[in-house]
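Trainee: Numbering (the working numbering), first residue to last: 818 to 1068. Quick one: this structure, given as C-alpha coordinates, is what I'll be asking you about.
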Amino acid sequence: MKELVIKSYGNLSFHRTISELIRMYSENQEDIREVAKSMVDWTEVRKIADLGCGYGWFEEALGNGFDFMLGIDCIRSNEAGFLSVAQRVAKTARFANLQLPCPIDTDSDYFDLVIAAYSMYFFPDILPEAKRILRPGGVLLIITHSAGMLEEGEEFFDFSNLREVINNFSAENGERTLRQYFTDISAVDYRNSLVFNRNDADALAKYIDFKREFISKDVSPVVVKVKLLSELETRGVMRFNKNDRVFVVRK
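Rendered as C-alpha coordinates:
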(Lines of atoms letter the chains of each structure in order from A and count residues from 1; the text may use other names and numbers.)
(Lines give C-alpha, C1' and ligand atoms only; values in the text may rest on other atoms or scores of the structure.)
Protein backbone atom coordinates (compact mmCIF):
# COMPACT_ATOMS: atom_id res chain seq x y z
CA MET A 1 0.00 0.00 0.00
CA LYS A 2 2.82 2.44 0.82
CA GLU A 3 4.30 2.13 -2.68
CA LEU A 4 0.86 2.74 -4.18
CA VAL A 5 0.31 5.85 -2.09
CA ILE A 6 3.77 7.23 -2.87
CA LYS A 7 3.27 6.77 -6.61
CA SER A 8 -0.15 8.42 -6.46
CA TYR A 9 0.57 11.34 -4.12
CA GLY A 10 4.36 11.74 -4.29
CA ASN A 11 4.30 14.45 -6.97
CA LEU A 12 3.46 17.49 -4.85
CA SER A 13 2.97 19.86 -7.77
CA PHE A 14 0.59 17.48 -9.57
CA HIS A 15 -1.28 16.80 -6.32
CA ARG A 16 -1.87 20.53 -5.87
CA THR A 17 -2.97 20.80 -9.50
CA ILE A 18 -5.55 18.07 -8.98
CA SER A 19 -6.82 19.68 -5.78
CA GLU A 20 -7.45 22.87 -7.76
CA LEU A 21 -9.00 20.89 -10.63
CA ILE A 22 -11.43 19.21 -8.24
CA ARG A 23 -12.39 22.62 -6.86
CA MET A 24 -12.95 24.04 -10.35
CA TYR A 25 -15.11 21.19 -11.64
CA SER A 26 -17.10 20.58 -8.47
CA GLU A 27 -20.81 21.24 -8.72
CA ASN A 28 -20.84 22.04 -5.00
CA GLN A 29 -18.59 25.06 -4.66
CA GLU A 30 -18.64 25.13 -0.86
CA ASP A 31 -15.20 24.15 0.43
CA ILE A 32 -15.58 20.87 2.33
CA ARG A 33 -12.88 22.05 4.73
CA GLU A 34 -15.17 24.90 5.76
CA VAL A 35 -17.98 22.41 6.33
CA ALA A 36 -15.67 20.32 8.51
CA LYS A 37 -14.37 23.35 10.40
CA SER A 38 -17.91 24.46 11.24
CA MET A 39 -18.44 21.19 13.13
CA VAL A 40 -15.57 21.82 15.58
CA ASP A 41 -15.41 24.12 18.61
CA TRP A 42 -12.06 25.73 17.85
CA THR A 43 -11.87 27.64 21.14
CA GLU A 44 -10.67 24.42 22.78
CA VAL A 45 -8.20 23.38 20.07
CA ARG A 46 -4.53 24.15 20.70
CA LYS A 47 -2.75 20.93 19.71
CA ILE A 48 -3.50 19.12 16.44
CA ALA A 49 -2.32 15.89 14.81
CA ASP A 50 -3.02 15.24 11.12
CA LEU A 51 -2.90 11.58 10.07
CA GLY A 52 -1.98 11.32 6.40
CA CYS A 53 -1.35 15.06 6.29
CA GLY A 54 -0.02 15.21 2.74
CA TYR A 55 1.29 18.64 1.83
CA GLY A 56 -0.93 20.36 4.42
CA TRP A 57 -4.14 20.59 2.42
CA PHE A 58 -6.39 20.86 5.46
CA GLU A 59 -4.02 23.19 7.31
CA GLU A 60 -4.18 25.64 4.39
CA ALA A 61 -7.77 26.36 5.45
CA LEU A 62 -6.94 27.02 9.12
CA GLY A 63 -6.35 30.29 10.89
CA ASN A 64 -3.34 30.78 13.15
CA GLY A 65 -2.87 30.69 16.91
CA PHE A 66 -2.35 26.98 17.57
CA ASP A 67 0.35 25.79 19.95
CA PHE A 68 1.48 22.57 18.26
CA MET A 69 0.79 20.77 15.02
CA LEU A 70 2.01 17.28 14.12
CA GLY A 71 1.74 15.98 10.57
CA ILE A 72 2.20 12.28 9.88
CA ASP A 73 2.64 10.94 6.36
CA CYS A 74 4.41 8.06 4.63
CA ILE A 75 5.69 10.34 1.86
CA ARG A 76 8.88 12.09 2.95
CA SER A 77 8.62 14.69 0.18
CA ASN A 78 5.46 16.07 1.82
CA GLU A 79 7.50 17.34 4.77
CA ALA A 80 8.47 20.69 3.29
CA GLY A 81 4.97 21.43 2.04
CA PHE A 82 3.32 20.51 5.31
CA LEU A 83 5.76 22.44 7.47
CA SER A 84 5.54 25.55 5.30
CA VAL A 85 1.83 25.69 6.09
CA ALA A 86 1.87 24.36 9.66
CA GLN A 87 4.58 26.77 10.78
CA ARG A 88 2.36 29.68 9.72
CA VAL A 89 -0.57 28.55 11.84
CA ALA A 90 1.13 26.98 14.88
CA LYS A 91 3.89 28.07 17.23
CA THR A 92 5.56 24.67 16.85
CA ALA A 93 5.17 22.20 13.99
CA ARG A 94 6.64 18.76 13.39
CA PHE A 95 6.47 16.24 10.56
CA ALA A 96 6.81 12.49 11.18
CA ASN A 97 7.57 10.21 8.24
CA LEU A 98 5.62 7.12 9.34
CA GLN A 99 3.61 4.45 7.61
CA LEU A 100 0.34 4.21 9.50
CA PRO A 101 -1.01 2.27 11.28
CA CYS A 102 1.82 2.27 13.79
CA PRO A 103 2.49 3.60 17.30
CA ILE A 104 2.70 7.40 17.48
CA ASP A 105 5.45 8.73 19.72
CA THR A 106 3.41 11.06 21.91
CA ASP A 107 1.78 10.99 25.32
CA SER A 108 -1.72 9.63 25.81
CA ASP A 109 -4.55 12.18 26.13
CA TYR A 110 -2.40 14.83 24.44
CA PHE A 111 -4.10 16.24 21.35
CA ASP A 112 -7.24 18.36 21.24
CA LEU A 113 -7.93 17.45 17.61
CA VAL A 114 -6.87 14.59 15.37
CA ILE A 115 -7.58 14.99 11.64
CA ALA A 116 -7.79 12.33 8.92
CA ALA A 117 -8.81 14.01 5.67
CA TYR A 118 -9.23 11.52 2.81
CA SER A 119 -6.84 9.09 4.47
CA MET A 120 -8.62 6.85 6.99
CA TYR A 121 -9.40 4.23 4.31
CA PHE A 122 -5.65 3.64 4.00
CA PHE A 123 -5.17 2.82 7.70
CA PRO A 124 -8.43 2.21 9.63
CA ASP A 125 -6.50 0.15 12.17
CA ILE A 126 -5.05 3.43 13.52
CA LEU A 127 -8.30 4.17 15.35
CA PRO A 128 -7.24 2.73 18.75
CA GLU A 129 -4.04 4.80 18.59
CA ALA A 130 -5.97 7.90 17.51
CA LYS A 131 -8.21 7.42 20.55
CA ARG A 132 -5.17 7.02 22.82
CA ILE A 133 -3.54 10.29 21.80
CA LEU A 134 -6.78 12.31 22.02
CA ARG A 135 -7.49 14.02 25.32
CA PRO A 136 -10.85 13.35 27.00
CA GLY A 137 -13.35 15.53 25.17
CA GLY A 138 -11.00 15.81 22.19
CA VAL A 139 -12.25 15.48 18.62
CA LEU A 140 -11.39 13.09 15.81
CA LEU A 141 -12.31 14.79 12.51
CA ILE A 142 -12.55 12.52 9.46
CA ILE A 143 -13.38 13.33 5.84
CA THR A 144 -13.96 10.31 3.65
CA HIS A 145 -15.38 9.28 0.27
CA SER A 146 -18.69 7.67 -0.48
CA ALA A 147 -18.54 4.14 -1.88
CA GLY A 148 -20.53 5.56 -4.79
CA MET A 149 -17.51 7.45 -6.09
CA LEU A 150 -16.73 4.58 -8.47
CA GLU A 151 -20.20 4.08 -9.92
CA GLU A 152 -19.64 5.92 -13.21
CA GLY A 153 -16.45 4.03 -13.99
CA GLU A 154 -18.06 0.75 -12.99
CA GLU A 155 -20.50 1.21 -15.84
CA PHE A 156 -17.62 0.05 -18.02
CA PHE A 157 -15.00 -1.58 -15.76
CA ASP A 158 -14.62 -3.82 -12.72
CA PHE A 159 -12.80 -1.84 -10.01
CA SER A 160 -12.90 -4.53 -7.32
CA ASN A 161 -9.46 -3.78 -5.89
CA LEU A 162 -9.99 -0.03 -5.80
CA ARG A 163 -13.40 -0.54 -4.20
CA GLU A 164 -11.76 -2.65 -1.51
CA VAL A 165 -9.59 0.34 -0.55
CA ILE A 166 -12.54 2.74 -0.36
CA ASN A 167 -14.60 0.22 1.59
CA ASN A 168 -11.93 0.12 4.31
CA PHE A 169 -13.58 3.28 5.64
CA SER A 170 -16.33 4.91 3.59
CA ALA A 171 -19.22 7.28 4.18
CA GLU A 172 -21.49 4.26 4.34
CA ASN A 173 -19.56 2.02 6.74
CA GLY A 174 -17.41 4.50 8.66
CA GLU A 175 -19.76 4.88 11.61
CA ARG A 176 -19.91 1.12 12.12
CA THR A 177 -16.12 1.01 12.28
CA LEU A 178 -15.95 3.99 14.65
CA ARG A 179 -18.51 2.42 17.01
CA GLN A 180 -15.92 -0.19 17.94
CA TYR A 181 -13.96 2.53 19.78
CA PHE A 182 -16.19 5.58 20.26
CA THR A 183 -19.78 6.36 21.24
CA ASP A 184 -20.14 10.11 20.54
CA ILE A 185 -20.28 10.24 16.73
CA SER A 186 -21.96 12.71 14.39
CA ALA A 187 -21.73 13.14 10.64
CA VAL A 188 -22.66 15.51 7.82
CA ASP A 189 -22.96 14.52 4.18
CA TYR A 190 -21.33 16.66 1.52
CA ARG A 191 -23.15 16.17 -1.78
CA ASN A 192 -21.08 16.85 -4.86
CA SER A 193 -20.34 15.82 -8.42
CA LEU A 194 -17.44 16.56 -10.71
CA VAL A 195 -18.90 17.79 -14.00
CA PHE A 196 -16.87 17.71 -17.22
CA ASN A 197 -18.15 19.10 -20.51
CA ARG A 198 -16.89 18.09 -23.94
CA ASN A 199 -14.30 20.88 -23.98
CA ASP A 200 -12.96 19.74 -20.57
CA ALA A 201 -11.30 16.60 -21.93
CA ASP A 202 -7.83 17.68 -20.81
CA ALA A 203 -9.04 18.17 -17.24
CA LEU A 204 -10.74 14.77 -17.18
CA ALA A 205 -7.57 13.17 -18.54
CA LYS A 206 -5.53 14.73 -15.70
CA TYR A 207 -8.05 13.52 -13.13
CA ILE A 208 -7.79 9.97 -14.47
CA ASP A 209 -3.99 10.21 -14.53
CA PHE A 210 -4.07 11.15 -10.84
CA LYS A 211 -5.94 7.92 -10.09
CA ARG A 212 -3.84 5.78 -12.42
CA GLU A 213 -1.91 3.84 -9.76
CA PHE A 214 -5.12 2.77 -8.04
CA ILE A 215 -6.91 2.10 -11.32
CA SER A 216 -4.00 -0.07 -12.49
CA LYS A 217 -4.76 -2.66 -9.81
CA ASP A 218 -7.89 -3.52 -11.82
CA VAL A 219 -7.61 -2.14 -15.36
CA SER A 220 -5.05 -0.45 -17.59
CA PRO A 221 -5.32 3.30 -16.87
CA VAL A 222 -4.77 3.95 -20.58
CA VAL A 223 -7.81 1.85 -21.45
CA VAL A 224 -9.89 3.66 -18.83
CA LYS A 225 -8.80 7.08 -20.05
CA VAL A 226 -9.48 6.30 -23.70
CA LYS A 227 -12.94 4.93 -22.89
CA LEU A 228 -14.03 7.77 -20.62
CA LEU A 229 -12.74 10.46 -22.98
CA SER A 230 -14.62 8.74 -25.81
CA GLU A 231 -17.78 8.73 -23.69
CA LEU A 232 -17.28 12.40 -22.90
CA GLU A 233 -17.02 13.22 -26.59
CA THR A 234 -20.14 11.17 -27.35
CA ARG A 235 -22.29 12.38 -24.46
CA GLY A 236 -21.09 15.96 -24.29
CA VAL A 237 -21.06 15.94 -20.50
CA MET A 238 -20.07 13.45 -17.80
CA ARG A 239 -20.73 13.63 -14.08
CA PHE A 240 -18.69 11.76 -11.48
CA ASN A 241 -19.92 11.08 -7.95
CA LYS A 242 -17.86 13.08 -5.45
CA ASN A 243 -20.11 12.67 -2.43
CA ASP A 244 -18.20 12.70 0.84
CA ARG A 245 -19.00 12.53 4.54
CA VAL A 246 -17.50 14.41 7.48
CA PHE A 247 -17.39 12.53 10.77
CA VAL A 248 -16.91 14.30 14.10
CA VAL A 249 -16.04 11.90 16.90
CA ARG A 250 -15.62 12.92 20.52
CA LYS A 251 -13.61 10.92 23.02
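Virtual Cβ for every residue (Gly too), placed ideally from N, Cα, C. On a predicted model such as this, the values are computed, not experimentally measured, just so you know.
What is the DSSP secondary structure of lysine 1059, reduced to helix, strand or coil?
Mentor: By one-based count along the sequence shown, residue 1059 stands at place 242. Correct three-state label for lysine 1059: coil.
Trainee: Between which two residues does the beta strand (DSSP E) harbouring proline 953 extend?
Mentor: The residue you call residue 953 lines up with position 136 of the sequence shown. It spans 951–962 - the beta strand (DSSP E) in which proline 953 sits, taken as one unbroken run.
Trainee: What do you get for threonine 961, buried or exposed, if any count of 16 or more other CB atoms within 10 angstroms of its CB means buried?
Mentor: Here residue 961 corresponds to residue number 144 of the sequence shown, with the count starting at 1. By the neighbour-count rule (16 or more Cβ atoms within 10 Å), threonine 961 is buried.
Trainee: Output the distance between the C-alpha atoms of methionine 966 and arginine 1008, rounded to the nearest integer angstrom.
Mentor: The residue you call residue 966 lines up with position 149 of the sequence shown. The residue you call residue 1008 lines up with position 191 of the sequence shown. When rounded, the distance between both Cα atoms is 11 Å.
Trainee: Report the rounded CA-to-CA distance for glutamate 971 versus arginine 905, giving the unit in angstroms.
Mentor: For this step, residue 971 is matched to residue 154 along the sequence shown. For this step, residue 905 is matched to residue 88 along the sequence shown. Each residue's Cα considered, the two are about 42 Å apart.
Trainee: DSSP three-state call for leucine 1045: helix, strand or coil?
Mentor: Counted from its first residue, the sequence shown places residue 1045 at position 228. Here leucine 1045 sits in helix by DSSP.
Trainee: CB isoleucine 865 to CB methionine 886, shorter than 8 Å?
Mentor: Along the sequence shown, one-based indexing puts residue 865 at 48. Along the sequence shown, one-based indexing puts residue 886 at 69. Cβ distance < 8 Å, so isoleucine 865 and methionine 886 count as in contact.
Trainee: Could you pull out every unbroken beta strand (DSSP E) segment of at least 3 residues lying fully inside the region 989–1023, listed in chain order?
Mentor: Entirely contained in the region 989–1023, the beta strand (DSSP E) runs reaching 3 residues are, in chain order, 1001–1007 and 1010–1014.
Trainee: How far does the beta strand (DSSP E) with alanine 933 in it reach, from first residue to last?
Mentor: Your numbering for residue 933 matches position 116 in the sequence shown. Run containing alanine 933: 928–934, per the beta strand (DSSP E) assignment.
Trainee: Is the beta carbon of tyrosine 935 sitting closer than 8 Å to the one on phenylalanine 899?
Mentor: Residue 935 sits at position 118 when you count from the first residue of the sequence shown. Residue 899 sits at position 82 when you count from the first residue of the sequence shown. The answer is no: Cβ separation not under 8 Å.
Trainee: Do alanine 878 and arginine 850 have their C-beta atoms within less than 8 Å of each other?
Mentor: Sequence index remark: in the sequence shown, residue 878 carries index 61 (1-based). Sequence index remark: in the sequence shown, residue 850 carries index 33 (1-based). In this structure, arginine 850 lies closer than 8 Å to alanine 878 by Cβ.
Trainee: Compute the beta-carbon to beta-carbon distance between phenylalanine 1049 and arginine 1015, rounded to the nearest angstrom, for a pair I have assumed lies under 8 Å.
Mentor: The count along the sequence shown starts at 1 and reaches residue 1049 at position 232. The count along the sequence shown starts at 1 and reaches residue 1015 at position 198. Sequence check: residue 1049 is leucine here, not phenylalanine. With a Cβ gap of about 6 Å, leucine 1049 and arginine 1015 count as contacting.
Trainee: Contact check, valine 804 vs tyrosine 927 under 8 Å by CB: the rounded distance?
Mentor: The structure shown does not extend to residue 804, since the chain spans only 818 to 1068, so no value can be given for it.
Trainee: Can you look up glycine 965 in the DSSP assignment and give me helix, strand or coil?
Mentor: Taking the sequence shown and counting its residues from 1, one reaches residue 965 at position 148. Helix.
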